[in-house]
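Protein chains in written order, with the working numbering: chain A, 1 to 417; chain B, 1 to 417; chain C, 1 to 417; chain D, 1 to 417.
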């Protein structure tokens with residue numbers, strides 16, 4: 001789908017702003033497939049109890065390579081469903097949550113997650129977007145600028161905004177600074193007539209990869225929204241999404257590694273060089289074996305985390321296994337999983353390219369595109385340094401207990417990684 | 001120049017094959033600049049004796065970032081000049097060599113190097129192209145297929161072909177198999193009227209990067225050529241080019257690393273995050289310091305090799321320094337330099353992208369393009385494994401002496417790398 | 001569909017010639033629709049006797065505006081069906097004719113018509129393509145060059161070739177010169193495995209309009225074919241196609257005029273200027289009235305010819321109405337219809353554009369594209385001068401009788417035109 | 001230059017609006033050539049008295065075919081110079097007029113002319129743009145929307161705006177309705193730092209032709225401007241531009257016709273058909289002869305008008321030749337010249353295409369582009385109907401005298417046309 005990218009039609013023929021997002025038929029089909037296959041639903045129906053997450057993610061892993069990046073909106077939809085499950089009002093659960101996890105293509109909706117602003121992506125405390133209570137319409141009215149909004153074609157979106165305190169005057173100072181002034185909001189992207197809900201799409205991002213994804217720069221001006229969870233608890237509340245999407249990064253990178261290796265093996269079975277097939281050249285074999293090891297380790301790590309996530313979501317949180325082990329350990333390991341899998345999957349994309357020789361550098365093999373796409377994982381949802389700081393934070397917050405737990409639990413399996 | 005790529009006009013309006021290569025004005029300008037600045041000439045005029053190579057490569061390093069990949073044809077031109085200096089006939093020296101090293105834009109010509117064929121890039125022994133002596137025209141006539149010909153707009157080219165033995169019949173078996181049947185040839189790409197010399201350009205390659213470079217798939221059918229050096233010594237004779245172009249890889253990767261770091265530092269001085277400039281964030285600083293170290297090590301390594309090359313080319317080859325040290329050591333280190341610099345420069349391109357956060361993933365910062373371009377070095381002129389085997393070959397051929405020499409000479413500087 | 005044009009993939013990734021034609025999904029759908037709606041079938045099933053052609057063409061007129069130029073391959077398919085009905089062998093009728101007129105999308109096939117060569121389009125006597133009898137395979141083998149082949153994605157094709165006389169030697173002179181040496185052939189474009197039947201697609205034409213149509217330059221080299229009709233009667237035999245396709249030109253131009261006028265009227269009902277709607281401005285009204293008149297006259301003329309065609313195809317050809325009037329009159333009027341409708345439809349496209357003012361010159365209204373598409377009718381199947389000469393030829397051949405007949409039959413209706 | 005079209009870069013990488021217009025190097029060169037060749041200057045230096053216009057327009061006719069549509073900004077620049085000569089203040093003459101007619105590429109500036117708005121192009125009385133006096137800055141501040149602004153890269157521009165009457169309140173009704181409320185303004189497009197002067201470029205128009213021209217939709221918001229001529233006399237004052245630009249239409253169409261015929265003749269000398277060169281085919285010759293006649297008539301008509309314009313601009317306006325004949329006759333003939341030349345040049349583009357047969361319909365011959373470009377003349381500066389009404393207006397205003405004058409003066413030359 002890279003050849004047939006989303007486009008933005010900003011004005012009609014009389015130069016009236018319309019901000020129409022044009023996506024391909026194939027992109028629309030993926031939404032239908034996602035619904036019918038229940039790729040979000042499986043995790044929330046919990047038919048298989050604590051193993052539901054494992055089943056869902058294994059299915060996603062099979063689907064993602066052919067899904068043309070539709071796993072990105074699915075990740076955010078999944079995250080949004082989790083937030084609403086935890087913090088949504090009864091009404092939100094009935095009108096939004098049930099549709100996020102629906103298997104009916106006509107009901108199924110997706111969610112965006114609009115965080116990054118011009119002053120800072122990771123530094124969410126610099127969020128400039130503001131939410132003001134509109135007494136007349138009994139809702140929040142949100143205005144600001146979102147610099148990087150993936151999957152702008154979503155139906156609803158989660159976003160952070162600095163909440164105006166009604167007890168204070170509107171003058172400067174009426175907002176709390178930093179991340180402590182932020183609350184979480186849920187909004188429809190379009191109203192019932194299909195008109196954008198106080199959103200202007202300024203342009204589609206010219207990204208290095210993930211070109212099939214309609215990512216955009218958005219200006220919000222009076223977007224009607226509802227608050228999710230308590231006031232000023234935005235960062236805490238949105239973290240449930242981030243935990244989900246970071247696990248998706250792990251799963252996506254594992255899938256990419258698998259695909260690289262399958263291609264490399266297939267080529268090695270057919271390409272002859274120096275009098276033998278590539279697969280029978282010892283040095284080449286050693287290279288592939290090393291790649292295989294990397295892939296298996298990442299796969300183990302990813303599904304280890306997914307198993308914990310599944311238990312947390314479906315078992316009693318007071319169970320010692322969940323309370324004392326899964327919750328703190330997943331909190332510690334999630335950022336590490338994200339960094340590990342992203343860095344390794346990208347490095348493997350380069351290794352795979354070498355395994356194809358000159359053909360690897362041709363766009364026709366698709367390796368260039370796969371490399372550009374997998375690359376996004378090293379930046380999206382936190383770079384190496386940002387996530388490293390997060391790991392330090394967990395260590396500090398737990399007074400070192402997290403690290404002890406890690407040593408205790410993980411040591412026996414250290415040889416696997 | 002990525003936006004304005006070379007194009008191939010294959011047919012005229014009556015569908016007669018013309019194979020016209022359309023390159024940009026900017027590309028043509030680079031050729032003029034290269035001549036006037038003497039970027040090839042400096043190395044062969046040897047005004048600065050053994051330091052001429054250092055001066056030349058330092059100049060190239062400054063130029064290459066802004067040269068829009070024109071350093072690629074320059075590398076091959078330089079290599080071709082070296083081959084002719086060593087093995088060219090008097091006539092080749094007068095008519096071709098002097099123009100390859102000319103400072104006059106009107107005289108200056110560039111050379112291609114056409115090696116890669118469909119059955120094998122590195123496995124040059126599978127070369128299918130054949131050279132047959134044409135008694136009438138008193139020249140060699142070359143026919144075959146070159147799958148990846150960089151800088152197809154060159155004026156002359158070096159190429160390998162399987163030499164037909166005139167003493168044997170034309171029947172199968174009249175050619176020697178493997179790399180021992182290959183000789184080296186020099187040919188004009190076009191004749192005096194500008195018509196292609198027995199060449200058909202089938203298509204431009206759709207590469208992942210280096211898109212400004214007109215790389216093509218060529219069919220040769222009766223290309224008139226002259227043999228360079230002895231019969232059946234093609235692989236040995238062309239290795240002089242490869243030694244030069246691999247040093248260019250080192251230089252080019254060093255230049256790329258320098259450019260990544262300069263960008264990263266500049267951004268760190270301006271971008272504020274978590275209440276301080278990036279440059280004042282300890283973890284970010286550590287990351288940049290590590291990149292700086294990588295860059296400096298690569299730079300040292302590259303210019304260490306360049307210094308040896310300069311001595312070999314300008315001093316008496318019987319000097320112990322040259323004969324016993326520089327020649328064997330450069331032979332051992334050249335493939336290592338190529339692998340080291342390519343792998344590290346590519347890894348650094350990803351690191352640099354992270355240092356820009358979300359902006360790094362936008363095409364506007366140019367990092368994506370720089371990544372795609374530097375990536376070619378991991379494949380062109382030998383992948384990691386191909387060059388590793390080359391290192392093993394040197395060790396074996398020298399009965400381990402090369403390794404001893406390495407230990408002896410390099411040990412004192414091992415801390416630098 | 002202009003945005004999503006057909007493309008040619010000429011080589012695979014190992015630079016082996018594949019000549020794969022890539023057309024859009026929408027284009028493929030049109031073929032299905034054409035079959036299901038029986039747009040060819042209606043004319044040959046003759047359920048409505050002499051009125052079948054009128055019904056077919058009226059249906060085509062409704063379909064053509066939305067058919068994205070698929071009426072072009074349909075015209076040639078219809079013409080081919082007519083030729084096979086008249087001159088095909090029993091086997092051709094069973095295997096090809098029945099599929100050309102099938103209503104089953106799985107059986108339905110289309111036909112091309114490859115005439116134009118480099119030395120001459122209208123001057124068919126300069127055809128260079130040759131057909132030689134292949135005694136081994138018991139078929140004709142055709143080689144040559146077709147410069148302009150519309151709808152290259154057809155399943156079969158009709159083409160003219162100079163027939164090699166087996167009684168003469170292959171030396172120069174063994175072929176008859178001029179149009180008297182040509183015979184008509186029928187060939188499959190691809191064999192049962194989907195490989196091209198001795199055809200190389202050199203490139204897609206870069207036409208001014210009809211960009212959705214995959215028109216190409218083709219080289220034939222040993223294309224297996226069957227002769228249709230008698231030896232050396234190619235020009236006469238193919239004329240049945242031309243008579244059909246020229247009537248299609250008339251129908252297509254009428255449809256285009258209708259569409260221009262509908263647009264103009266709709267705009268005039270909504271756009272206000274100088275204090276009144278355009279439709280209430282007398283001068284504008286006069287302009288539109290004149291366009292309407294042109295359209296109605298062309299429509300009358302076109303269906304007058306279609307009615308004659310219907311009688312010729314379905315009634316006894318010895319009926320005086322058919323023999324003495326319809327056949328000679330249609331022969332005279334067909335080239336006039338083609339010229340008249342093409343010239344007027346194109347002129348009207350410009351008039352319509354003026355009626356939209358500045359908006360007409362914007363691509364968004366689609367008028368530019370419609371103009372570029374309708375323009376092809378002034379050239380395809382004969383320019384004004386070529387067809388004028390054809391009219392003169394009819395007059396001369398009939399010793400003036402055709403003209404007398406015209407005067408007699410048409411005079412009463414001259415006021416209509 | 002159609003392949004390398006102007007582009008708009010609307011946002012910088014932080015999504016700040018920049019509205020940068022990117023034009024090609026070739027386009028910039030044309031501005032230099034225009035200055036050096038004095039294509040505007042000649043008409044105002046009047047070195048050749050009344051013949052200066054003839055000399056200028058003859059020179060423009062030679063230049064225009066190769067000027068890649070740069071004659072469009074030149075036409076508006078010429079018109080602007082004329083308005084300032086007639087109605088400019090002393091300061092405008094010194095600072096703007098002298099630069100519009102400069103031969104020094106460093107001083108030479110061009111002017112746009114921004115008239116067309118969304119409610120009406122020709123119906124200028126519906127202009128919505130407003131000018132309000134800014135007492136603080138002692139200048140007019142203009143706001144509104146211009147729907148079609150040719151040559152947006154001009155340095156200054158002329159534009160109409162509805163003048164706010166300072167004696168009335170700002171409430172609705174404080175503006176005079178219709179064309180009687182409009183005044184003419186002169187504004188710099190950018191300030192001294194290169195920033196747009198209260199202008200936002202919303203998008204480049206997607207025109208059917210003239211694609212090399214950067215035409216745009218502009219929003220004005222507080223554009224600083226100076227009034228030219230008296231209050232509420234805008235339509236009268238701008239008519240001096242229109243008279244010039246319509247004569248340019250005549251000249252441009254004549255040049256286009258000349259170019260079509262030259263191409264057709266050249267092709268007829270080389271292309272053989274039916275046993276003879278096209279030029280020796282009687283019917284083809286008759287077609288070309290007719291085209292030649294059209295071209296010569298248009299040429300005569302155009303230069304007849306240019307001669308009158310030259311006299312009006314350089315002789316004493318009280319001379320009977322000027323006062324009683326040239327002024328009223330040019331007023332009558334200018335709209336006729338515009339319609340005549342535009343309609344005929346476009347028709348000839350189609351005729352020329354037929355003369356090339358199938359090749360005419362290939363983009364490679366350039367006829368398609370020439371057709372699309374010349375087409376703009378039928379719409380720009382007034383469609384047939386708008387100009388026909390203008391002719392009626394002249395007849396009515398002069399009580400029929402203009403018509404009498406036409407009969408008297410033109411009758412003797414009627415055979416020429």
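Positions of the beta carbon are idealized from the N, C-alpha and C atoms, including for glycine. The structure presented is a predicted model; accordingly, all values stated were derived computationally and were not measured.
In whole angstroms, what is the alpha-carbon distance linking residue 216 of chain C and residue 212 of chain B? 29 Å
CB-CB under 8 Å to residue 92 of chain D, same chain, minus the five flanking residues each way: which ones, in chain order? 84, 186, 226, 228
Residues of chain D with CB closer than 7 Å to the CB of residue 385 of chain C, please, in chain order. Neighbours of residue 385 of chain C on chain D, chain order: 283, 284, 287.
Please say whether residue 72 of chain C and residue 161 of chain C have beta carbons closer to each other than 7 Å? no
State the DSSP-derived secondary structure class of residue 148 of chain D, mapped to helix, strand or coil. Three-state DSSP puts residue 148 of chain D in a strand.
Quick one: does the C-beta of residue 314 of chain C sit closer than 6 Å to a heavy atom of the ligand FMN? What this structure holds is no ligand at all, so the ligand FMN is not there to describe.
Flag this pair as yes or no: are the beta carbons of residue 210 of chain D and residue 69 of chain D separated by less than 7 Å? Against a cut-off of 7 Å, the Cβ pair of residue 69 of chain D and residue 210 of chain D comes out as a contact.
Candidates A:240, A:42, A:361: closest to residue 421 of chain A by CA position: The structure shown does not extend to residue 421 of chain A, since chain A is modelled only from 1 to 417, so the question has no answer here.
By the 10 Å Cβ neighbour count, where 16 or more other Cβ atoms means buried, how is residue 287 of chain B classified, buried or exposed? buried
Quick one: Cα of residue 270 of chain D to Cα of residue 278 of chain D, how far? Roughly 8 Å between the two C-alpha positions.
How big is the Cα-Cα spacing for residue 417 of chain A and residue 303 of chain A? Because the pLDDT at residue 417 of chain A is just 47, under 50, the model does not fix this residue reliably, and the value given afterwards should be weighed accordingly. Computed Cα separation, rounded: 13 Å.
At a Cβ cut of 7 Å, what residues of the region 100 to 116 of chain C count as close to chain D, listed as they run along the chain? 116
The beta strand (DSSP E) enclosing residue 130 of chain B, as first and last residue numbers: 130 to 134
With DSSP collapsed to three states, give me the class of residue 18 of chain A. Taken through DSSP and simplified to helix, strand or coil, residue 18 of chain A comes out as strand.
State the Cα-Cα distance for the pair residue 283 of chain C and residue 153 of chain A, rounded to the nearest angstrom. 47 Å
Name the DSSP beta bridge partners of residue 139 of chain D, please? D:134
Here's the rule I'm using: 16 or more other beta-carbon atoms within 10 Å means buried, otherwise exposed. How should residue 243 of chain A be labelled? buried
Any beta carbon from chain D within less than 7 Å of residue 217 of chain A's own beta carbon? yes
Expected contact under 8 Å - CB spacing of residue 234 of chain C and residue 182 of chain C to nearest Å: 4 Å
Among the candidates A:116, A:404, A:350, whose CA atom is the shortest distance from the CA of residue 205 of chain A? Among A:116, A:404, A:350, the Cα nearest to that of residue 205 of chain A is on A:116.
Rounded to the nearest angstrom, what separates residue 136 of chain B and residue 175 of chain B at their Cα positions? Each residue's CA atom was taken as its position, placing residue 136 of chain B and residue 175 of chain B some 21 Å apart.
Give me the Cα-Cα distance between residue 7 of chain C and residue 406 of chain C, rounded to the nearest whole angstrom. 47 Å
Within chain C, partners of residue 148 of chain D - CB distance below 8 Å: 358
So, residue 324 of chain A versus residue 196 of chain A, is the Cβ gap smaller than 7 Å? no
Using the beta-carbon count (16 or more within 10 Å), is residue 9 of chain D buried or exposed? So residue 9 of chain D counts as exposed.
Residue range of the beta strand (DSSP E) that includes residue 163 of chain B: 156 to 163
Determine the contact status of residue 478 of chain B and residue 322 of chain B, defining contact as a CB-CB distance below 7 Å. This structure does not reach residue 478 of chain B, given that chain B is present from 1 up to 417, and the question cannot be answered.
Assuming residue 267 of chain A contacts residue 356 of chain A (C-beta within less than 8 Å), just tell me the rounded distance between them. 6 Å
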